[in-house]
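One structure below.
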Amino acid sequence: MSYSGNPKSKILVIGAYGFLGKHITNYFFKKGHKLFLVVKSTSYIPVEISNLNLPVFYSDRPDLLDQIDNLKFDVVLNASVDYGKNNNKKEVWECNVNLPLRILKKVGNEKLLFVHFDTFFRKFSEFKYLPLYTSSKREFSQKLKLFSNCKTVGLQLEHLYGENDSPTKFISTIIDSLKSNKDKIQLTSGEQKRDFIYVGDLLVLMDKLVLVRENLALKNYLFEIGTGESISIKNFVVEIKHQLKSTSRLAFGALPMRENEIMESKADLKKLNNILSWRPKVNFKQGISRLI
777 MSYSGNPKSK ILVIGAYGFL GKHITNYFFK KGHKLFLVVK STSYIPVEIS
827 NLNLPVFYSD RPDLLDQIDN LKFDVVLNAS VDYGKNNNKK EVWECNVNLP
877 LRILKKVGNE KLLFVHFDTF FRKFSEFKYL PLYTSSKREF SQKLKLFSNC
927 KTVGLQLEHL YGENDSPTKF ISTIIDSLKS NKDKIQLTSG EQKRDFIYVG
977 DLLVLMDKLV LVRENLALKN YLFEIGTGES ISIKNFVVEI KHQLKSTSRL
1027 AFGALPMREN EIMESKADLK KLNNILSWRP KVNFKQGISR LI
């Protein structure tokens, strides 16, 4: 599909201060789009986007919907996420389900493109890790079907990674431990295979979606997003150690796997490529080099 339409858009980014949100904000700002951000009032602005001076609306303020009502957005990108690690269902549902639906109900129209992000966990019903997060994503997808007045696209992400992720994430903790040459790093066997997708490649896909939105006739489409190839977690971690020249000892097998662990997951890109030409360009070795 060729690009068409106005190359510059008015974009609302929900969850703009999170890992993915700040990458989205930085990327589309540099592309010259007009951005508006929705975040929690208690959130700290990331250093990476602190100098952009963009309009910010607070999701926990009662006048949020009134403030955005007449702004006539072209695109809404929903990167708001709560993984449910505090086991607070009310907070998870507010962030992952209720907030984006309220916003969509207020600003949705037949020309609007609404993009949201899903998880590959949902492909594996027996996997019970982060159950509130997974079930909230499932409910959001179901409720989204009620919105027939706009274009909605879900991107079901495989293992997303990139610069400036949370220090508590798996890859971040591994890098920190290897950089400090921690004597022994305990891991599972690492036989699990994942499809590691670099955030920069995802942003290129989103850019294409925004540019061709006027030609899209999509209602509640869900696309699997990754490289289409899987590698073992062990190989990924070993490559990080190699590039860092770390002296740490990787103790594979020292930790048990999670119950009903997903042993392999990778994206099937056929459905997406039937509509849009896109392939990731950054392989895992190149991605790792950008992180460290």
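Per the numbering used here, residue 777 is the first one in the sequence shown, and the count goes up by one each step.
Glycine included, C-beta positions come from ideal geometry on N, C-alpha and C.
Assigned secondary structure, residue i (DSSP; H/G/I helix, E/B strand, else coil)
i       : result
Asn940  : coil
Gln968  : coil
Ser948  : helix
Ile821  : coil
Ser810  : With the sequence shown as reference, residue 810 is identified as Lys, and Ser is not the correct amino acid for it. In the structure shown, Lys810 sits in a strand (DSSP, three-state: E or B).
Val832  : strand
Thr1003 : coil
Ser778  : With a pLDDT of 39 at Ser778, under the threshold of 50, the modelled position of that residue is not reliable, and no figure is offered here.
Leu954  : helix
Ile844  : helix
Leu1048 : helix
Ile1038 : coil
Delimiting residues of the alpha helix (DSSP H) encompassing residue i
i       : result
Phe1028 : Looking at the DSSP string, Phe1028 is not in any alpha helix (DSSP H); the run it does join, the beta strand (DSSP E), is Arg1025 to Phe1028.
Gly794  : Taken as a continuous stretch (DSSP letters only), Gly794 belongs to no alpha helix (DSSP H), as it is neither H nor E.
Leu1020 : Ile1009 to Leu1020
Ile1064 : Phe1060 to Leu1067
Leu985  : Val975 to Leu987
Lys995  : Looking at the DSSP string, Lys995 is not in any alpha helix (DSSP H), and its letter there is neither H nor E.
Cα-Cα separation between residue i and residue j, rounded to whole angstroms
i       : j       : result
Tyr909  : Val988  : 31 Å
Lys1046 : Asn827  : 39 Å
Asn940  : Phe795  : 7 Å
Glu1000 : His935  : 11 Å
Leu819  : Ser835  : Here the sequence assigns Ser to residue 819, which means Leu is not the residue at that position. Going from the Cα of Ser819 to the Cα of Ser835 covers about 10 Å.
Glu824  : Asn802  : 8 Å
Asn1050 : Gly1029 : 41 Å
Lys921  : Asn996  : 6 Å
Lys984  : Thr1023 : 42 Å
Asn872  : Phe916  : 7 Å
Whole-angstrom C-beta distance between residue j and residue i, which should lie under 8 Å
i      : j       : result
Leu906 : Ile790  : Incorrect: roughly 20 Å between the Cβ atoms, too far for contact.
Leu998 : Gly930  : 4 Å
Ser965 : Ser1006 : Actually they are not in contact, since the Cβ atoms of Ser965 and Ser1006 sit about 16 Å apart, beyond 8 Å.
Leu992 : Lys927  : 6 Å
Leu981 : Trp1054 : 5 Å
Test: residue i CB closer than 8 Å to a CB of chain B
i      : result
Glu867 : This model lacks chain B altogether, as it is built from one protein chain only.
Start and end residues, beta strand (DSSP E) containing residue i
i       : result
Lys960  : Lys960 to Leu963
Lys1057 : Taken as a continuous stretch (DSSP letters only), Lys1057 belongs to no beta strand (DSSP E), as it is neither H nor E.
Leu933  : Lys927 to Leu933
Segments of 4+ residues assigned as alpha helix (DSSP H) that fall wholly inside the stretch 847 to 924: 865 to 869, 875 to 883 and 907 to 920
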